[in-house]
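Colleague: In my numbering, the protein residues as written are 14 to 860. Where is the CB? At the ideal position from N, CA and C, for every residue including glycine. Source: prediction; values computed, not measured.
(1) Between the alpha carbons of residue 178 and residue 41, how many angstroms are there, rounded?
(2) Please give the ranges of any beta strand (DSSP E) in the stretch 511 to 561, keeping only runs that are unbroken, at least 3 residues long and fully inside the region.
(3) Please classify residue 225: does DSSP put it in a helix, a strand, or coil?
(4) Between the Cα of residue 454 and those of 427, 384, 528, spot the shortest distance and give me the residue it belongs to.
(5) Using CA coordinates, which residue listed in 144, 348, 603 is at the minimum distance from residue 768?
(6) With H, G and I counted as helix, E and B as strand and the rest as coil, what does DSSP make of residue 844?
(7) Tell me the residue span of the beta strand (DSSP E) that contains residue 425.
(8) Residues in the same chain with beta-carbon distance under 8 angstroms from residue 476, minus the five sequence neighbours each way, listed in chain order, please.
(9) Out of curiosity, what's the CA-to-CA distance linking residue 802 and residue 155?
(10) Under DSSP, the alpha helix (DSSP H) around residue 452 begins and ends at which residues?
(11) If you reduce the DSSP assignment to three classes, tell me which class residue 616 lands in.
(12) Quick one: using the 10 Å Cβ neighbour count with 16 as the cut-off for buried, is residue 417 buried or exposed?
(13) Is the separation between the beta-carbon of residue 770 and that of residue 517 shorter than 8 angstroms?
(14) Between residue 310 and residue 384, which are expected to be in contact by the criterion C-beta below 8 angstroms, what is the C-beta distance as a whole number of angstroms?
(15) Return the chain-ordered list of same chain residues with a C-beta closer than 8 angstroms to the C-beta of residue 300, the five sequence neighbours on each side being excluded.
(16) By Cβ distance, which residues of its chain are closer than 6 angstroms to residue 225, with the 5 residues on each side in sequence left out?
(17) Whose C-alpha, out of 392, 371, 411, 259, is nearest the C-alpha of residue 404?
(18) Going by Cα to Cα distance, which pick from 606, 337, 379 is closest to residue 216?
(19) Check whether the stretch 361 to 373 touches the stretch 506 to 515, taking contact to mean three or more Cβ pairs, one atom from each stretch, closer than 8 angstroms.
(20) Would you list the residues sitting across from residue 501 in a DSSP beta bridge?
(21) So which of 407, 388, 366 has the shortest CA-CA distance to residue 400?
(22) Between residue 315 and residue 587, which are expected to be in contact by the criterion C-beta below 8 angstroms, what is the C-beta distance as a whole number of angstroms?
(23) Using a threshold of 8 angstroms, state whether the C-beta atoms of residue 349 and residue 324 are closer than that.
(24) Using CA atoms only, rank isn't needed, just tell me which of 816, 394, 345, 829 is closest to residue 791.
(25) For residue 487 and residue 456, what's the separation of their Cα atoms in angstroms?
(26) Using only the alpha-carbon positions, how far apart do residue 232 and residue 280 sit?
(27) Give me the DSSP bridge partner(s) of residue 324.
(28) When the Cα of residue 141 is compared with those of 419, 118, 424, which residue comes out closest?
(29) So what does DSSP say about residue 567, is it helix, strand or coil?
(30) Determine the contact status of residue 811 and residue 332, defining contact as a CB-CB distance below 8 angstroms.
(31) Let's see if you can read the secondary structure: which residues bound the beta strand (DSSP E) around residue 719?
(32) Mind checking residue 709: buried by the 16 CB within 10 Å criterion, or exposed?
(33) Check whether the Cβ atoms of residue 547 and residue 313 sit closer than 8 angstroms, and answer yes or no.
(34) Three Cβ pairs or more, each shorter than 8 angstroms: is that satisfied between the stretch 847 to 857 and the stretch 105 to 120?
(35) Helix, strand or coil: which one does DSSP assign to residue 786?
(36) Just reading off the beta strand (DSSP E) that residue 82 is part of, what are its end residues?
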């Protein structure tokens, strides 16, 4: 007879084990639920808030947009700080740390993991930002600021800090995960953050580094051929030459310009600097001058009879979005709505009841590199004209989180009269290399935030331009429209005037020949008010013909988006807001229209006619309508063939690091497209590794074959499945979504995406990635018909909230992708019809 005791004993054991597992899972669920519920914003009810003078009402609509009603600006900006902290405290603290070089305090010295970069650690990035000195600029400007601007900045900081005091034990989960509490907010933080954003919208440091390296490697003639001043020597121009002409005053552009001998500085230094400047670091939001569109049409071209203004600034796609929508209204007349940057209280892009404004990057050259002369006999000094000067120095302490606490790392930042010495960013740089200093308009003191205060209350073009006079950096193309029927283009900011040279290459710092001699006078910067053509378009294209203008504005402009927008706004006599929505989502590719015929002709000459798969791909190109919808096969074939063209044209002669930079960040397309159109005169088509001289058509045919082989290997042998949306995707993810198991808590969104780098619906990606992830694009879309300001619409790329448990964490992302918008209500009745919550911020009653 068998003994059944083991079975009987096993049942209680298994039951007990099951109970333990259930209890542990329950405890784990409770811990995770409590962790992830911490810091969710309270959006209804009443909160007593010390620091307020009078009651403030915060009405959040169904999209989470706060409409802040206060008696005066002191209270409205205090409340803005409180509300920003409610929805974005982690986001604010993270980007503040990035700007101020304080990421290692919480993350330690981590290797970067961003798909947009190859090199760097958090410590190296912190060192770079300390050398540039955003935090130092913030502290200096905070000390010298005065008047209402300083009061409002302090009130904003007070609002952030009051929320922090009230929520010490209710912070967003990221603070618990990394075991720290955010420091109080200061005016210096807001200004450092603003200057960090301005840095990302400035140029042309990378261009100088790249061009100098090219000249060192290829010689003067081929170096300039590789990286010319201007690609595409045509318009469209923002200011049509027919409407405004300039006297060049003897301006000369030397085609062989070379202010420094190539042997003076090793090109490896400049490549290392490019690496230091370029990468994204894990967990670090980064702003770069990718692209933007804005345009305005006059009432003569609109169905309503009033101007229509449109804007879609192209910035990094982040989760949460780089932008935060808000409406600020006071009893004494402030009534402005638009987007803010969390950490900065003012509406930067938007409209009030009388006017609307929009911005794109001008790409003005506001950065120059000066190479200083030193001598071992004069330590700590550099030579200037006829004497030795001491480097200015300051100590910076960077705290690096380690397993045993924090380690303090002290660095010495040197500066010459031209700016900080970039060598101090680089690890293990040879001591024999001369110091490289950076001159940037952003180092000069300016109170740019005053401009945004002025925008909010401006009532006409004159008042708007008066506000712009406070803008030092960045240089933007401001486009304007108002209820009186005016449209305008007002670029503003500090654009340097150079005693000699044009800012395209590093220059000697030991002579005064290349010094800046002030800035272009504001009244000499090209502007437009009510142009005859009835529209204004800016899309990072040329402002005016550079050769006809007495000063240097910039280089490496974009071409195709402005061309396409002009085609669209002139496509019908009367335009509506619905038209503008379609225009902002337009994904027609003029670059493809320009170049695809060259690929077809080249393939006819050199492709294997027996290659059936290649023939099918060529047929897709032949039938391509030049749109970049997600299902489009022609778009996929063209994009991969274009990348293979870049690789075959340049890969045989440039370093891998240079190739990475070329395919990720620079506007190499403009030079290459000109070369494809001009034919075999471009020396880089020849493969330096072979005996024979390759021609353009041989390169294009081979690139097309390479593209087909790649697409077949990745997506299979059915050409119809080679769809653009499989190659081109939007990936919105929280900074910790790639860290298991945090990915389960914070989530992410991956969707196929239309558009390309040079379509109106512009999505910026690195050419050399197998999957072209759009890491930047129209983070905001904004349209306002000045005949119906209350019906203005807007959308951002993710959502208002930074908390993953909020319904507004990702709720605008699908609308954004599908070309839909949310209303920007300004009337309280409309807001209340769409009310999600009303929060009363109550001051402390004095007895």
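Modeller: Checking against the coordinates, here is how it stands:
(1) Here residue 178 refers to the residue found at position 165 when the chain shown is read from its first residue. Here residue 41 refers to the residue found at position 28 when the chain shown is read from its first residue. Residue 178 and residue 41: Cα-Cα distance of roughly 29 angstroms.
(2) 529 to 532, 548 to 551
(3) Here the question's residue 225 lines up with position 212 in the chain shown. Correct three-state label for residue 225: helix.
(4) Position 441 of the chain shown holds residue 454. Comparing Cα-Cα distances from residue 454 to each of 427, 384, 528, the minimum goes to 528.
(5) Against the chain shown, residue 768 aligns to sequence position 755. When each option's Cα is compared against that of residue 768, the closest is 603.
(6) Within the chain shown, numbered from 1, the residue matching residue 844 stands at position 831. In the structure shown, residue 844 sits in a helix (DSSP, three-state: H, G or I).
(7) As a working mapping, residue 425 is identified with position 412 in the chain shown. It spans 418 to 429 - the beta strand (DSSP E) in which residue 425 sits, taken as one unbroken run.
(8) Working through the chain shown from its first residue, we reach residue 476 at position 463. The answer, listed in chain order, is 467, 470.
(9) Against the chain shown, residue 802 aligns to sequence position 789. Against the chain shown, residue 155 aligns to sequence position 142. Looking at the two C-alpha atoms, the distance is approximately 36 angstroms.
(10) Against the chain shown, residue 452 aligns to sequence position 439. That residue, residue 452, is in no alpha helix (DSSP H); its beta strand (DSSP E) goes 449 to 453.
(11) Position 603 of the chain shown, counting from 1, holds the residue named residue 616. The answer is helix: DSSP assigns residue 616 an H, G or I state.
(12) Locating residue 417 in the chain shown gives position 404, counting from the first residue. It counts as exposed.
(13) Start at 1 with the first residue of the chain shown, and residue 770 comes out as number 757. Start at 1 with the first residue of the chain shown, and residue 517 comes out as number 504. No, these two residues do not count as a Cβ contact at 8 angstroms.
(14) Sequence index remark: in the chain shown, residue 310 carries index 297 (1-based). Sequence index remark: in the chain shown, residue 384 carries index 371 (1-based). So it is not a contact: roughly 47 angstroms between Cβ atoms.
(15) Residue 300 sits at position 287 when you count from the first residue of the chain shown. Because residue 300 sits at a pLDDT of 45, beneath the cut-off of 50, its placement in the model cannot be relied upon, and the point is left open.
(16) Taking the first residue of the chain shown as 1, we reach residue 225 at position 212. The answer, listed in chain order, is 283, 518, 519.
(17) As a working note, residue 404 is residue 391 in the chain shown. With distances taken between Cα atoms, residue 404 lies closest to 392.
(18) Position 203 of the chain shown, counted from the first residue, corresponds to residue 216. The shortest C-alpha separation from residue 216 is found at 379.
(19) no
(20) What you label residue 501 is simply residue 488 of the chain shown in a count that begins at 1. Residue 501 pairs with 493, 542.
(21) Position 387 of the chain shown, counted from the first residue, corresponds to residue 400. Among 407, 388, 366, the Cα nearest to that of residue 400 is on 388.
(22) In the chain shown, the residue the question calls residue 315 occupies position 302. In the chain shown, the residue the question calls residue 587 occupies position 574. The Cβ separation is near 6 angstroms, so the contact holds.
(23) Position 336 of the chain shown, counted from the start, is the residue given in the question as residue 349. Position 311 of the chain shown, counted from the start, is the residue given in the question as residue 324. No, these two residues do not count as a Cβ contact at 8 angstroms.
(24) Against the chain shown, residue 791 aligns to sequence position 778. Closest by alpha carbon: 829.
(25) For the purposes of this step, residue 487 is identified with residue 474 of the chain shown, where counting begins at 1. For the purposes of this step, residue 456 is identified with residue 443 of the chain shown, where counting begins at 1. The alpha-carbon atoms of residue 487 and residue 456 are separated by roughly 11 angstroms.
(26) Counted from its first residue, the chain shown places residue 232 at position 219. Counted from its first residue, the chain shown places residue 280 at position 267. Taking the straight line from one Cα to the other gives about 12 angstroms.
(27) Here residue 324 is taken as the residue at index 311 of the chain shown, counted from 1. Answer is 307, 795, bridged to residue 324.
(28) Within the chain shown, numbered from 1, the residue matching residue 141 stands at position 128. Residue 424 is the option with its Cα nearest to residue 141.
(29) Looking up residue 567 in the chain shown gives position 554. It is a strand residue.
(30) As a working note, residue 811 is residue 798 in the chain shown. As a working note, residue 332 is residue 319 in the chain shown. Their beta carbons are under 8 angstroms apart, which means residue 811 touches residue 332 by this criterion.
(31) One-based indexing of the chain shown puts residue 719 at position 706. First-last for residue 719: 709 to 728, but that is the alpha helix (DSSP H), not the beta strand (DSSP E).
(32) One-based indexing of the chain shown puts residue 709 at position 696. Buried: at least 16 other Cβ atoms inside 10 Å.
(33) For the purposes of this step, residue 547 is taken as the residue at position 534 of the chain shown. For the purposes of this step, residue 313 is taken as the residue at position 300 of the chain shown. Going by C-beta atoms, residue 547 is nearer than 8 angstroms to residue 313.
(34) no
(35) In the chain shown, counting from the first residue as 1, residue 786 sits at position 773. Strand at residue 786.
(36) Stepping through the chain shown from its first residue, residue 82 is reached at position 69. 79 to 83 is the span of the beta strand (DSSP E), which, as asked, contains residue 82.
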